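So for the sequence shown, the working numbering puts the first residue at 9; every next one is plus one. Even for Gly, the Cβ is constructed at its ideal location relative to N, Cα and C. No experiment lies behind these values; they were computed from the predicted model shown.
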Amino acid sequence: MLSDEGIVKRIKIIVKEHGGQLALANAINVDQGFISKVINKKQEVSYYLIRKLCLQLRYSPEWLILGTGDKNINKPESAKLITEIQMMRTEVDILHARMRAFELEIKELKGSRDEERKAAG
């Protein structure tokens, strides 16, 4: 998930270009409420939405995410880029899950060590 002011600002530009939230929602096959929540920052920008905007409407992932480069894409490698972004996102999620597991393990180890100290002392 992303919660970047810049991305939301660029999504607002896309909404305007497509004639409003409902027209954009219909164009990418999502609920208009979903677009509304993202724009009003009640929901984080998801890779699902970024992928739809890039693959279906041909917006550049570089422009949408970073605000650099051309707004629209005519290059075939952009689909590959989106896939790579998703794969990296998945790897980050896996790393976060592993970190949480390690943190729990550390807590348990600290807890059992503290209990041993109490029993010994």
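### Query
According to DSSP, is residue 16 helix, strand or coil?
As a first step, residue 16 is located in the sequence shown; it is residue number 8 there, counting from the start. It is helical.
Suppose the cutoff is 7 Å on Cβ atoms and the five residues either side in sequence are ignored; what does the same chain contact list for residue 26 look like?
In the sequence shown, residue 26 corresponds to position 18, counting from 1. Counting only Cβ-Cβ distances below 7 Å, and skipping sequence neighbours, we find 32, 35.
**Study point:** Residues bridged to residue 80 [DSSP beta-bridge criterion]
**Key:** The residue given as residue 80 occupies position 72 in the sequence shown. The partner list for residue 80 (beta bridge, DSSP) reads 67.
Going by DSSP, what residues sit across from residue 46 in a beta bridge? The sequence position of residue 46 within the sequence shown is 38, counting from 1. Paired residues: none, contrary to the question.
Buried or exposed for residue 73, please, with buried defined as at least 16 other CB atoms from any protein chain shown within 10 angstroms of its CB. Within the sequence shown, the letter at position 65 stands for residue 73. So residue 73 ends up on the buried side.
| At which residues does the alpha helix (DSSP H) containing residue 34 begin and terminate? | Taking the sequence shown and counting its residues from 1, one reaches residue 34 at position 26. Where residue 34 is concerned, the enclosing alpha helix (DSSP H) stretches over 29-36.
- Message: Rounded to whole angstroms, what is the Cα-Cα separation between residue 78 and residue 90?
- Response: The residue labelled residue 78 in the question sits at position 70 within the sequence shown. The residue labelled residue 90 in the question sits at position 82 within the sequence shown. Each residue's Cα considered, the two are about 15 Å apart.
Q) Looking at C-beta atoms only, is the number of pairs between the segment 47-57 and the segment 14-30 that lie closer than 8 Å three or more? A) yes
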